[in-house]
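Numbering (my numbering), first residue to last: 6 to 1071. Think of the CB as a built atom: it goes at the ideal place given N, C-alpha and C, for glycine as much as any other residue.
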Amino acid sequence: MTNISDTDGLSREKRLERFESAVVLPVLEERFPVLLARVLCSSEFSSYYHWQPLMVWLDMVRFHDFDDAGQIYHVLQEWRKRLEYACLETPSLGLLQDIRGQIDLHIHPVQVALRVQPEDKGVRRRFHLLLQDVVRWLQSRKEIYLMEICTSGRMDPSLALLVAFLYNYVGIVSPFNQRWERLQDFYLKDILKGIARKRKPLSTWLSFEKSPAVTSVLLQRNMYFKGEKDENIAGYKLLSDMCVTGMKVAGVSIIRVEKKSDRYPEAALGYVTSVLQSTLKDRTYRPEPIGLRIHSMLLLLGEGEREVSVWFALNRESQQRWIGMVDEVAKAQEINFDEAVFKILNDSFLLKVSTSEGDREVDRFHLRWEEGTGLRLTFRLDESFPPVCPEKGESVPALSLLMNTEAWLFPYSWACRLEVRSVRVHVKVNGLREFSLYNELGQVDLHQPFSPFGAQGDKGAWVAFGCYEMALKPVTHVELHFRWLHLPVGNGGLEEHYREYHKGVNNRSFRARTEYLQNREWKRTYGIEEHYLFCTSSASVPVAADAVKEETKIVFEVPEVVLSPLDDITRFRPGEVRSGFYRLVLSAPDMGFGTHEYRRLFAEVMMENSHRRKKRSLPEPPLALQMDAVSLNYTAEEEAQFAVGCHSGIRFSYIRPLSGKVDTTPDITHPITLADGPEDEGNILIGIADAIGENIIRLYIGMELLQREIDHEYLPSVDWYYRDSSRWVKVDPVYVLRDDTGGLMHSGAVIIQFPFSISPEMTDTEGVFWICAGIHSNLCNCSVLRNVSLNVAEAAWTAEEEMEKSVPGLLSYRRVGLLDTTASEESETEMKARLSERIAHRQRPLLPCEYEQLVLQEFPGLAKVKCLRGIDAKSLNRTTVVTLVAIRNRISEDWPLCTDRLLCGIEAFLRPYTSPFAEIDAINPVYEEVTVFCGVSLKEGQQAGEAISDINRNLCRCIAPWNEGQKEPVLGYSFSIRDLVSCIRENPAVEALHGMKLLQVMGEEEKFGLKAYTSEQDENQMIAPSVPWGILVPAVRQYVKLIEPGEWRQDIEFGDLEVENTFVIQ
């Protein structure tokens, strides 16, 4: 395989390698055996060799050939014979005794066994190991043997003098070598005054919980808390004082204002496409309802055919803004203005009204643009629609105008910019039958025919009616519809019926005036003073002598008199309420319906007829008319002006996040927007319970590790807000004492100190205080929220165990911050490397290796750094860029990637040491997956599963041999197709390799390219990363297929791809 170590960069081991020499090279030779051997070899006196014990000792010390067992045995026998010859006339030396004992007691029995079983490999190996151990044991006792030889008194005087000289020489040279060996340390420590750099231990964060029995718990600085068993540290020490309160996290919601690039026409206009919400418990993003809710008694619509119109009058700037927006849409879609208006408003909103069972959607409604005014919303409810009434727990019915997430143009962007100066609500109800009606005899049952003016029907008789629904509204127009029963059947009408009364009564004679109740006083209505009680046609004035119609309606206008809501609706009676009723008073003719006149005429005619032969005709009895099918129609209207000093019975609230918990009523002293919602791209809403009376909030926000690089111009921008009694208020940056999250890109602490104490008015209906982190821009570069903790304090970890003190009122604590224990004290080797490199580059790096050395020196969490000078990895045409590829220490099976925080730290660290014209760009390596497809046939009797697994392992090893043992990746490593072919063919189970194909996936950030190779091409062709900062890695699965020779397809086809990590379509 090709060795490309030159492209790999500088690893930490390679940097320290030259400072970790395991062998000390002395300036002068000081080893006695070596010196003795040199002297004897160069000596001209052969008599020196007549003293064999010293020569044997020297041979024993210098012996190192342990490969041949026979050679070792022969040498031992030789030493024995030479020593026996030297000690013929003198006592035996210890060396001779030890050699003789080892041969006779240990070696000889094994040698006998070897002669018996010469082919036994186990015996032969045991014999070889025994001989090696004997020689090493003798060498370990060399000092004892040398002392015995030198003090035996039988050494030649000249040789003894030479040995003594060598001993004295070693004593002189050894200190000299030691001083020379310590020269480097002397220069580093005494001349340069170099000391090991003590790295500051990285701190972490602890979260505390107190007992409910105490108000707060005070923790002092340097207070010790024991660490967990699996944390490999002794404990923690607080870096500052803190007060543990009873605040708890009540809930966390994430709001995203999304702008999809694939949704039109929003993408062309830069508009919002949806507002989504999720929680920590449920990570699924769902559309968040956004809109306007109108609360008004005008919307109390119990029955009948109901029509509601709402006019949203816009100010002049908003009208111009609307026209400009429509023109922009029309241009983008190439349609005319009117068509654009229709498409925008046709499905922009959903309409819901409140009922006793909750909000119910209205299917049919119209939203139209009215030139010079604004928007008009109109909808109708038929009699089958349930009554519109307040929801459970509410006192006023409401109308909700919600944004439609499936609209042709999501209205969020333009609705939040339209300012409404007034809202006018107009309701018209026809066919209201459930109301109260009274006459002089009392309350009347409307479900039965009744006599409206009592039994007599005299002038001044009245009938009163009222509806609680109407009484609560500023009604302006009322229509009373009813049907007369028992009308005369003649064509002359009432004139014919009352002709004998001689009062000139006809169809126009019966009239009534209308009155309304105000402050318990009946007052005449405006407009028509008297109303005809009978009709002959559709004309307003009946024909004097004509047949009378059964249906009649009384239409009158009334002033706006509104009744305050009653606690008990049963008290809605004319005598108990101050207003809310209307009545008809019979004002003509003077005889009324003629009951008294008929009695008088009847007596006169009967007396007169008793004296006359020609009888006079009796008068017709007075009409005993009855009303039936009584119903009311009415119209009510109210307008809300948004200006200082204006008041209205209509209340408004925005439907937006937290609208069900906090007050979302807008400020009506100035124009309000049609909709209100989050302005920032992303919002993290954090609810805090039991926060009343507190003014400091200490949070730790846990985020997922962001293992990608983000350029500085694309960093998220974050502001903090808090919710007061009615709105979101931005927290002044001066009150944000600490924010370590880096724009919510990584975990960190946030400490906010308010200039006030949190009051109950600032909490929602459940007593929760809300704060919000708003991300203005580059939301895509924020990390994923993992958890939120309160009552946190910064602590430094320590390796020294101490006694943990009990704190009254403190229930528990836990570590919520990251724990990094790599920041230990600098080793001596690292100090040497640092000082040596400091002298070389003087902290002004010019060469690539100097950049690499500086980064590895400062960041102990990195395993390797590669400097690419003059190569712009982002293709931004930066000629003075210095690109640094950083690979962190590998702690898992995943491919190592640096967090954005670490990459930004590298760039910030190098900036003061480099030229102001040079740009530092720290990046992660690009991992390019390689997938191999091969077709093989196996030898007979081989297990297919085991063979395929073995081939897969060999292929992965060939693609990334550094992955064995989870070592650091090798930048730029490449291999050839021949290497892969060899890996497959070397498998003993493979009969034949019929073909091989290879796919290399290149690129990052979801933009991929594809390279294809086949074994039919040149086998020497190299497969290498597409970029200098690329690393080839094996795919999750290599495709090894068992096929017959004729089944192999040479070209790469779609049949080769499967739905997995390697599924790529070019």
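Does the separation of the CB atoms of residue i and residue j fall below 9 Å?
i           : j            : result
residue 941 : residue 1002 : no
residue 211 : residue 952  : no
residue 751 : residue 686  : no
residue 407 : residue 355  : yes
residue 682 : residue 656  : no
residue 549 : residue 524  : no
residue 775 : residue 207  : no
residue 956 : residue 989  : yes
residue 256 : residue 691  : yes
residue 278 : residue 415  : yes
residue 424 : residue 584  : no
residue 633 : residue 487  : yes
Please classify residue i: is it buried, with 16 or more other beta-carbons within 10 angstroms of its beta-carbon, or exposed?
i           : result
residue 531 : exposed
residue 122 : exposed
residue 244 : exposed
residue 649 : exposed
residue 574 : exposed
residue 707 : buried
residue 594 : buried
residue 359 : buried
residue 651 : exposed
residue 551 : buried
residue 765 : exposed
residue 536 : buried
residue 51  : For residue 51, the predicted model reports a pLDDT of 49, less than 50, meaning its position is unreliable; a value from the coordinates is still stated below. Burial call: exposed.
residue 389 : exposed
residue 858 : buried
residue 450 : exposed
residue 669 : buried
Would you report the Cα separation of residue i and residue j, rounded to the nearest angstrom?
i            : j           : result
residue 1097 : residue 974 : As shown, the chain starts at 6 and ends at 1071. That puts residue 1097 outside it, with no answer to give.
residue 90   : residue 98  : 12 Å
residue 435  : residue 637 : 7 Å
residue 709  : residue 900 : 17 Å
residue 275  : residue 264 : 7 Å
residue 1011 : residue 830 : Low confidence applies here, because residue 1011 scores a pLDDT of 45, under 50, leaving its location unreliable and the question unanswered by this model.
residue 71   : residue 141 : 10 Å
residue 14   : residue 843 : 19 Å
residue 933  : residue 892 : 15 Å
residue 760  : residue 700 : 7 Å
residue 923  : residue 917 : 11 Å
residue 333  : residue 266 : 18 Å
residue 314  : residue 335 : 28 Å
residue 144  : residue 81  : 12 Å
residue 102  : residue 126 : 31 Å
residue 146  : residue 21  : 37 Å
residue 306  : residue 500 : 42 Å
residue 342  : residue 331 : 7 Å
residue 563  : residue 470 : 14 Å
Based on the DSSP output, what are the partners of residue i in its beta bridges?
i            : result
residue 940  : 1000, 1046
residue 435  : 310
residue 357  : 366, 405
residue 774  : 693, 768
residue 885  : Answer is none; residue 885 lacks a bridge partner.
residue 792  : 707
residue 1027 : 981
residue 1103 : Coverage of the chain is limited to positions 6 through 1071, which leaves residue 1103 absent and any answer about it impossible.
If we define contact as Cβ-Cβ less than 9 Å, is residue i a contact residue for chain C?
i           : result
residue 784 : This model lacks chain C altogether; it includes just one protein chain.
Cβ of residue i versus every heavy atom of the ligand GTP: is any distance shorter than 8 Å?
i           : result
residue 203 : The ligand GTP is not part of this structure, which contains no ligands at all.
Counting only runs of 3+ residues fully inside the segment 524 to 580, write out the beta strand (DSSP E) ranges in chain order. 526 to 529, 556 to 562
Complete beta strand (DSSP E) runs within the segment 216 to 294 (minimum length 3 residues, chain order): 222 to 224, 229 to 231, 240 to 243, 247 to 249, 253 to 263, 279 to 284
Quick check for students: name the residue ranges of the alpha helix (DSSP H) that lie wholly in the segment 467 to 511, counting only runs of 4 or more. 473 to 476, 498 to 502
Give, in chain order, every unbroken run of the beta strand (DSSP E) that is at least 3 residues long and sits entirely within the segment 855 to 935. 867 to 874, 886 to 893, 924 to 928
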